[in-house]
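Data block below; observations after.
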Amino acid sequence: MSRMRKLGNLPPAFPNGWFALLESDTLAKNRVMHVAALGENFAVFRGESGEVYVLDAYCPHLGANMAVGGCVKGESLECPFHAWRFGGKDGQCVAIPYAEKVPEFAKARRWHSVEVNSFIFVWYHAQNEEPTWKLSALPQLAPSQWVYRGRSEFYISAHIQEIPENGADVAHLNAIHGPSLLAGGTLSTSGFLAGGSWARHLWTATWAAQTGPNEGHKAILSLVHEFRLFSKFAMIKMNVNAVQIGPGYVELSVDTTFGKAVILQSVTPVGPLLQRVIHRMYAAPSMPAPFANMIMLGEAIMFKRDIIVWNHKKFEDRPLLVREDKAINRYRRWYSQFYSENSPRLGKSPDGLDW
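Going left to right, the sequence shown walks through residues 1 to 355 as full-length UniProt numbering numbers them.
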């Protein structure tokens, strides 16, 4: 990130909620992986039973990183430094090979985690509060249902709040995402490949926070997309229903002439101003593979255009908005629920060190 870049008056760096640490297929049985995110260091491991556990990576004995050289033993994690072993379910130390007795107070921090929809999520809360909502499994992702069609992964130099704000910023759609896919992941609006008058993507959208019982952590973007030739011929039409679940996870249901699909988006802060974004796509068996691949490629191209903006913008805490931008203010009020009194801000990390 350029030192000359103005950042603006930023919200807290890490909101409260469920965040994806890993994709399920990256963590084999009896394996441990180190993940740094949300200002923390996690040891994520899969036990002999196949269950996934998340502990603080640093051993409370003498501070070794248990995810680096540590071993999974049954449903516990063994530190490589002195072979202390900690249970995945509660973090309790269950074995010290050279000690007559294991002290009851010997315990590693255990993080709430859940494996669902091809991701391993951890619950983060600056006040250490218990999870206030659950993540539900999508029936389409059950075995022998829909077909996995690919993934994409990006790193973005921006505050996490900026990324889902795109859903409420409906006016940007036709500006950034109107030019043809042939223009690629650039901001070019001129030239033959951009389409001009002969090929254009048209978008209409609405954004709304949910207000029902146990639904306040959700927001829905309803999107209609058309690809038109010469402003007349609608070649492709898609209806997209994007459900934002908490601050860092979205489920996009895509309905097209050629079948249905779902795209899962996870946004995880690996640093105060560095986000890892992963998309995974699953399609109904009836959707032709070439069309599914085109959707996945098109989504990645369009997302790259947004990344160019995110990587160079500042956060405007008092934006100059017109009436048609009113959903942005509604979005910011909705998103603010994921911050709490102790949510860390840039320059005020939990250990007192400036980021």
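All C-beta atoms, glycine included, are put in the ideal place defined by N, C-alpha and C.
Which of helix, strand or coil DSSP assigns to residue i
| i | result |
| --- | --- |
| Ala126 | coil |
| Tyr335 | helix |
| Glu162 | helix |
| Met302 | helix |
| Ser24 | helix |
| Pro213 | coil |
| Phe45 | strand |
| Asp325 | helix |
| residue 365 | Residue 365 cannot be examined here, being either before or after the span of the chain that is shown, 1 to 355. |
| Ile96 | coil |
| Leu202 | strand |
| Gly91 | coil |
| Asp354 | Confidence is the limiting factor: at Asp354 the pLDDT is only 47, short of 50, which leaves the residue's position unreliable and the question unanswerable from this model. |
| Val309 | helix |
| Pro15 | coil |
| Arg109 | coil |
| Leu346 | coil |
| Met287 | coil |
| His172 | helix |
| Leu141 | helix |
| Asn241 | strand |
| Met66 | coil |
| Gly271 | strand |
Distance CB(residue i)-CB(residue j) smaller than 9 Å
| i | j | result |
| --- | --- | --- |
| Lys232 | Thr257 | no |
| Leu202 | Gly178 | yes |
| Ile156 | Val44 | no |
| Trp84 | Ile96 | yes |
| Asn30 | Glu48 | yes |
| Ala20 | Arg46 | no |
| Val170 | Ala205 | yes |
| Pro80 | Val72 | no |
| Arg345 | Leu10 | yes |
| Val102 | Ala37 | no |
| Val32 | Gly70 | yes |
| Glu129 | Ser336 | no |
| Lys89 | Tyr53 | yes |
| Ala199 | Leu229 | yes |
Nearest candidate by alpha-carbon position, reference residue i, set the options
| i | options | result |
| --- | --- | --- |
| Pro131 | Leu181, Gly63, Ala284 and Val114 | Val114 |
| Ile308 | Ile163, Asp325 and Thr268 | Ile163 |
| Ala87 | Val224, Glu51 and Glu23 | Before going further, note that residue 87 is Gly rather than Ala in the sequence given. Closest by alpha carbon: Glu51. |
| Glu226 | Asn174, Ile245, Gly185 and Ala43 | Asn174 |
| Asn342 | Cys79, Gln127, Leu27 and Gly47 | Gln127 |
| His159 | Tyr98, Leu320, Leu7 and His217 | Leu7 |
| Ala242 | Gly259, Ala168, Met302 and Asn293 | Ala168 |
| Glu299 | His279, Asp90, Val72 and Ala37 | His279 |
| Ala289 | Trp146, Leu27 and Lys73 | Trp146 |
| Pro283 | Leu252, Arg109 and Arg305 | It is Ala, not Pro, that sits at residue 283 in the sequence shown. Measuring from the Cα of Ala283, the nearest candidate turns out to be Leu252. |
| Val224 | Asp255, Pro319 and Phe19 | Asp255 |
| Gln244 | Asp325, Cys71, Ala219 and Thr186 | Ala219 |
| His172 | Asp325, Phe291, Tyr249 and Gln161 | Asp325 |
| Gln161 | Gly246, Glu100, Val94 and Met66 | Gly246 |
| Lys314 | Leu273, Arg305, Ile176 and Val322 | Leu273 |
| Tyr331 | Met66, Glu165 and Glu129 | Glu165 |
| Arg5 | Asn65, Glu129, Ala28 and Asn311 | Asn311 |
| Pro143 | Trp133, Pro285 and His125 | Pro285 |
| Pro139 | Pro11, Val262, Val322 and Ile301 | Val262 |
| Gly39 | Gly17, Pro319 and Ala13 | Ala13 |
| Gly63 | Gly216, Val72 and Asn41 | Asn41 |
| Val116 | Asp25, Arg333, Met296 and Cys93 | Asp25 |
| Leu264 | Trp133, Gln275, Tyr148 and Ser222 | Tyr148 |
| Lys107 | Pro80, Leu55, Glu153 and Gly69 | Leu55 |
| Phe154 | Phe303, Asp317 and Tyr335 | Phe303 |
| Gly293 | Ser152, Trp334 and Glu78 | Reading the sequence as shown, one finds Asn at residue 293 and not Gly. Out of Ser152, Trp334 and Glu78, Ser152 has the C-alpha closest to the C-alpha of Asn293. |
| Ala99 | Asn239, Arg318, His61 and Ser222 | His61 |
Nearest-angstrom Cβ-Cβ length linking residue i and residue j, presumed shorter than 8 Å
| i | j | result |
| --- | --- | --- |
| Met287 | Lys260 | 7 Å |
| Leu135 | Ser118 | Leu135 to Ser118, Cβ: 12 Å. No contact. |
| residue 378 | Ala57 | Within the shown structure, residues of the chain are numbered from 1 to 355, placing residue 378 beyond reach of any answer. |
| Ile120 | Arg305 | No, Ile120 and Arg305 are not in contact; Cβ-Cβ is about 29 Å, not under 8 Å. |
| Gly17 | Gly248 | 6 Å |
| Met296 | Gly74 | So it is not a contact: roughly 39 Å between Cβ atoms. |
| Ile301 | Leu181 | 5 Å |
| Pro15 | Phe338 | 4 Å |
Contact with chain B by residue i, beta-carbon distance below 9 Å
| i | result |
| --- | --- |
| Arg110 | Among the chains of the structure shown, chain B does not appear; only one protein chain is present. |
message: Tell me whether the region 210-230 and the region 264-276 touch, counting them as touching only if at least three CB pairs, one residue from each stretch, are closer than 8 Å.
response: no
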